[in-house]
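Number of protein chains: 2
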Amino acid sequence: MQTVGKTESIADALKARREQLAELVDFPVILWSGTSIPRNFAANKYLFRASSHFLYFAGLPLENAAIRLEAGRLELFMDEPAPDSALWHGEPPSRQAIAERIGADHAYPMAYLKSRTDGAGTIPVQDAATRSLQSHFLNRMLSPSTNLSGVDRKLAEAIVSLRLTHDAAALAEIRRAIAISAEAHRAGMAATRNAKTEAQVRAAIEGVMIAHNATPAYSSIVTVHGEVLHNDQYHHGIQPGDLLLVDAGAETESGWASDITRTWAAAGQFSATQRAIYNVVLAAHDTCIAAMRPGVEYRDIHLLGAKVIAEGLVDLGILKGQPQDLVDRDAHALFFPHGIGHLLGLDVHDMEDLGDLAGYAPGRVRSDRFGLNYLRLDRPLQPGMVVTIEPGFYQIPAILNDSERRAKYHDAVNWERLSDFSDVRGIRLEDDVLVTETGTEVLTATLPIEIEAIERLS
Amino acid sequence: MQTVGKTESIADALKARREQLAELVDFPVILWSGTSIPRNFAANKYLFRASSHFLYFAGLPLENAAIRLEAGRLELFMDEPAPDSALWHGEPPSRQAIAERIGADHAYPMAYLKSRTDGAGTIPVQDAATRSLQSHFLNRMLSPSTNLSGVDRKLAEAIVSLRLTHDAAALAEIRRAIAISAEAHRAGMAATRNAKTEAQVRAAIEGVMIAHNATPAYSSIVTVHGEVLHNDQYHHGIQPGDLLLVDAGAETESGWASDITRTWAAAGQFSATQRAIYNVVLAAHDTCIAAMRPGVEYRDIHLLGAKVIAEGLVDLGILKGQPQDLVDRDAHALFFPHGIGHLLGLDVHDMEDLGDLAGYAPGRVRSDRFGLNYLRLDRPLQPGMVVTIEPGFYQIPAILNDSERRAKYHDAVNWERLSDFSDVRGIRLEDDVLVTETGTEVLTATLPIEIEAIERLS
């Protein structure tokens, strides 16, 4: 495969992952990579993304492949390319060459897998065609990946316990993704001064990813309407007084993600009101990261961030009351309605294909509290975890104009004071943070976050 | 929808298309748009692409929608967004607003469609989830879109007869896609001088598309190994003596495609051998376009291009014999093994989801001749058709090192002379050509193709 430049150590890392899995499950494991999806006709496909679980143990984004893991051994199943494939797509590596690359003990045509599936567990992949194949090969129905049972559930739990913390090979990939993203954000900041539209800034950002043969790990958010949390449109013009919220992260060719948000002023300089709110969000960001270390509950980090935001908004006269009371009443969530962050790894919301199995410790479930419902991670921190820390402040009409909420929080918000901050529609600041033995390492620290540095870059 | 900027005339164009369809079929027609596909987990999706047939009659890239057409009337079926959608994705337009935009006579929730499907024809969309829905709603099995029968086949034939030639609204979109692509190619040429890798040139090209809120209509080809016909890898470094083959076309937000190929010298100046072959390919390109007019068989244009290439290669001493004899023996296909082009419209290979129903006139089937098998279009030209003209020259190891072919064509090729041209791995030149009442209009003419102009731009 010319698609990825790997060194010997990747095969070693893959072997170590297989051996760790073998300690956790006593049944064979078969993981499919998936197939590429037609876009508007069969020959015009979406860019293939292999299943993350496959990538974790196989390392290469092979299409239409499967691996069988048992007692630390690896068998690769894939068919050789069609005879005329070389004409259209160039001379591909042989199955045997790929097998050697990933350290497989044996390599076989896909059809041979049919006789090797007894008692095996699997994780259903995202594409329907391959899910049918999984079901056919295993000769049983598959539950949705968010609600597994039997051996598949046991396998999912084992994989979660491995993927929750990252080995050196994984961290190297995440760092590479982050380096590309940091360069991309810098390019976006530099391009903003002369950009007339969000789309032009997005072009600068994603252009850097493309130049590194990376892809966006998720739909980039590049918007002057940061209050739309998952805005994937880029149609607005940029006005001098606007803030630009950019949530964009690269994914490496072997599938490892990064996830960075910065917010900058279209004209380079923040207004006094924008600066004030920015520094509230930044204080939450800094306070959360300073409090992180192994054993600390991520949920408490979330609530700490909420409290710092509430404090800051009280200081600015936007919220009224005691910060802790406001958080207890979820009043902070009027302006910070999402979770403080999530796991990061092969998926930008790592292992979210398994529902909350990775994000929530056994026995825990999502709260129905307005201020906690969107929390994607509720576990004690462990060394080797990579999580995002992404506090924000938003003026979301769907929330702030909701009559029920306005009634409930009538005593908590100074609406007149809030109207002074109408040039702050949305600010979010997001870093990727590795939990270490003693505290944290901010992996995204090479990209500035202090307001003065942002103003210099944009 | 803020995603597309449409004028009143689009609704008029859509109405005219519906009325034309009503003249061709006497049964109701239901077209689904499709749904977005999960990439690595449910919330992280591939960028949605609506079904081209839906786009042709509905104009907007709506997700999870269907339209019902009967006697020129349009009913829209789609559900209102989920209540918390405004929080994450902003305030979406209502069903009623969308209905007015596309000139629908009525708009209903999706569930109501179930009672309106009697006797309806449809075209199966690309995504499996929506295909299941289609089958469920219509209460019958669906054949693959490449092999339809019954009312679906009749519908496909009617749609082909409409989409084969383009109305003014369609041409305006295609011209817009082409304008973006031409700017993208110019950016690619300009970026090449300082680029170290194919990926960096691709970034310049696709950056222009992103800046215009367009997407690549297909996986861009940006390669120093032009002999790999559908190369979608970008990992090679660029060396001074290399040719860079770039086949890249933008798609507008409402789905209309463009498709342009240029080949330029990495160092700006072509070598004498590169120049010689380039001009053979250009002669084929020019001769083909000059011969096009209504009534002419596209297959004959292909064979004409093959003959000009054979003539040029005979002149250069690479092929031996009479050009017409060489084409009759498919000897040209050693170096030009693909078709001269294809239909262009909402799909880059327009309507290829229907197999050869659009590309091949009724009663015609693909030839098994080496030199004709890959011809995607075999119809007489009609005014309003847009086709690509894309001759090429390639030294493809899988063909040229094939012992059977070397034996068959041992008297046709001067292998020693060929070795003088080792710095020409692949050249392709592709324009998008509108067939007019009297001849052609080269829609891509704003992007230079003469070697001197290309040298100035790169």
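Listed in order, the protein sequences are those of chains A and B. Quick note: the first sequence uses the working numbering, first residue 24, plus one each step. Quick note: the second sequence uses the working numbering, first residue 24, plus one each step. Each residue gets a CB set at the ideal place from its N, CA and C atoms; glycine is no exception.
Backbone secondary structure at residue i - three-state DSSP
i                : result
TYR241 (chain A) : coil
ASN302 (chain A) : helix
ALA105 (chain B) : coil
PHE100 (chain A) : strand
TRP279 (chain A) : coil
TYR397 (chain A) : coil
PRO420 (chain A) : helix
GLY260 (chain A) : strand
VAL269 (chain A) : strand
ARG479 (chain A) : helix
TYR131 (chain A) : strand
GLU334 (chain A) : helix
ARG285 (chain B) : strand
GLU114 (chain B) : coil
THR220 (chain B) : strand
PRO360 (chain B) : coil
PRO346 (chain B) : helix
TYR321 (chain A) : helix
Residues near residue i in its chain [Cβ-Cβ closer than 8 Å; skip 5 each side]
i                : result
ASN302 (chain A) : GLY335 and ILE474
ALA213 (chain B) : ALA227, LEU480 and SER481
HIS208 (chain B) : ILE228, VAL269, ALA271, ILE283, ARG285 and LEU470
VAL350 (chain A) : LEU326, ALA329, LYS330, ALA333 and GLY394
Nonlocal neighbours in the same chain, by C-beta distance under 6 Å from residue i, ignoring five residues either side
i                : result
LYS29 (chain B)  : Reliability of the predicted coordinates at LYS29 (chain B) is poor, the pLDDT of 45 falling under 50, and the value obtained from them is presented with this limitation in mind. Taken in chain order, the list of residues that qualify is empty.
MET24 (chain B)  : Confidence at MET24 (chain B) is low in this model, with a pLDDT of 32, below 50, so its placement is unreliable and no value can be given for it.
ASP376 (chain A) : SER168
LEU185 (chain B) : GLN43
ILE244 (chain A) : ASN254 and ASP270
Nearest-angstrom Cα separation, counted from residue j out to residue i
i                : j                : result
GLN119 (chain B) : ARG96 (chain B)  : 16 Å
MET232 (chain B) : VAL231 (chain A) : 14 Å
HIS361 (chain A) : VAL447 (chain A) : 17 Å
PRO10 (chain B)  : ALA73 (chain B)  : Residue 10 (chain B) lies beyond the stretch modelled for chain B, which goes from 24 to 481, so this question has no answer here.
GLU93 (chain B)  : LEU187 (chain B) : 21 Å
GLY82 (chain B)  : SER138 (chain B) : 25 Å
LEU457 (chain A) : MET408 (chain A) : 6 Å
ARG402 (chain A) : HIS365 (chain A) : 10 Å
HIS76 (chain B)  : ILE182 (chain B) : 8 Å
LEU339 (chain B) : ARG40 (chain B)  : 50 Å
MET101 (chain B) : TYR135 (chain B) : 9 Å
ILE16 (chain A)  : THR459 (chain A) : Given that chain A is displayed from residue 24 to residue 481, the structure contains no residue 16 (chain A) and the question cannot be resolved.
LEU400 (chain B) : ARG62 (chain A)  : 21 Å
GLU103 (chain A) : TYR397 (chain B) : 22 Å
SER294 (chain A) : LEU78 (chain A)  : 45 Å
VAL52 (chain B)  : ALA66 (chain A)  : 26 Å
GLU180 (chain B) : ILE472 (chain A) : 58 Å
THR246 (chain A) : HIS258 (chain A) : 9 Å
ALA130 (chain B) : LEU99 (chain B)  : 5 Å
GLY211 (chain B) : ALA289 (chain B) : 11 Å
Beta-carbon proximity list for residue i, same chain, < 7 Å, skipping 5 on both sides
i                : result
LEU327 (chain B) : THR310, CYS311 and ALA314
GLN223 (chain B) : ALA214
GLY260 (chain B) : LYS219 and THR220
Quiz item: Can we say the stretch 119-131 of chain A touches the stretch 145-155 of chain A, given the rule of at least three CB pairs closer than 8 Å?
Solution: no
Quiz item: At a Cβ cut of 9 Å, what residues of the stretch 420-454 of chain A count as close to chain B, listed as they run along the chain?
Solution: PRO420, ALA421 and ILE422
Practice problem: Would you check if the stretch 392-410 of chain A and the stretch 77-87 of chain B touch, i.e. whether three or more CB-CB distances between them fall below 8 Å? | Solution: no
Quiz item: Per the contact definition of three or more C-beta pairs closer than 8 Å, is the stretch 421-435 of chain A in contact with the stretch 278-294 of chain A?
Solution: no
Quiz item: Taking a cut of 8 Å between CB atoms, which residues from the stretch 73-85 of chain A lie near chain B?
Solution: SER74 and SER75
Quiz prompt | Cβ contact check for the stretch 355-373 of chain B and the stretch 415-430 of chain B: 3 or more pairs under 8 Å | solution = yes
Quiz prompt | Segment contact, 8 Å Cβ cut-off, at least three pairs: the stretch 377-387 of chain B with the stretch 419-426 of chain B | solution = no
Quiz item: Is the stretch 342-355 of chain A in contact with the stretch 310-323 of chain A, if contact means three or more CB pairs nearer than 8 Å?
Solution: no
Quiz item: With contact counted as at least three CB pairs below 8 Å, one residue from each stretch, are the stretch 248-266 of chain B and the stretch 107-116 of chain A in contact?
Solution: yes
Quiz prompt | Inter-stretch contact at 8 Å, needing at least 3 Cβ pairs: the stretch 189-202 of chain A / the stretch 160-175 of chain A | solution = no
Quiz item: Would you call the stretch 234-242 of chain A and the stretch 266-285 of chain A in contact, with 3 or more CB pairs under 8 Å?
Solution: yes
Quiz item: Name the residues in the stretch 371-384 of chain A whose C-beta lies less than 7 Å from a C-beta of chain B; which are they?
Solution: VAL371, HIS372, GLU375 and ASP376
Self-check item: Contact list for the stretch 189-202 of chain A against chain B, Cβ threshold 9 Å
Solution: none
Exercise. Residues of the stretch 267-279 of chain B with a CB closer than 7 Å to any CB of chain A: list them in chain order, please.
Key: none
Quiz prompt | Residues, ordered as in the chain, of the stretch 137-155 of chain A that lie near chain B by beta-carbon distance below 8 Å | solution = GLN149, ASP150, ALA151 and ALA152
Quiz item: Can you list, in chain order, the residues of the stretch 330-361 of chain B whose Cβ is nearer than 8 Å to any Cβ on chain A?
Solution: PRO360
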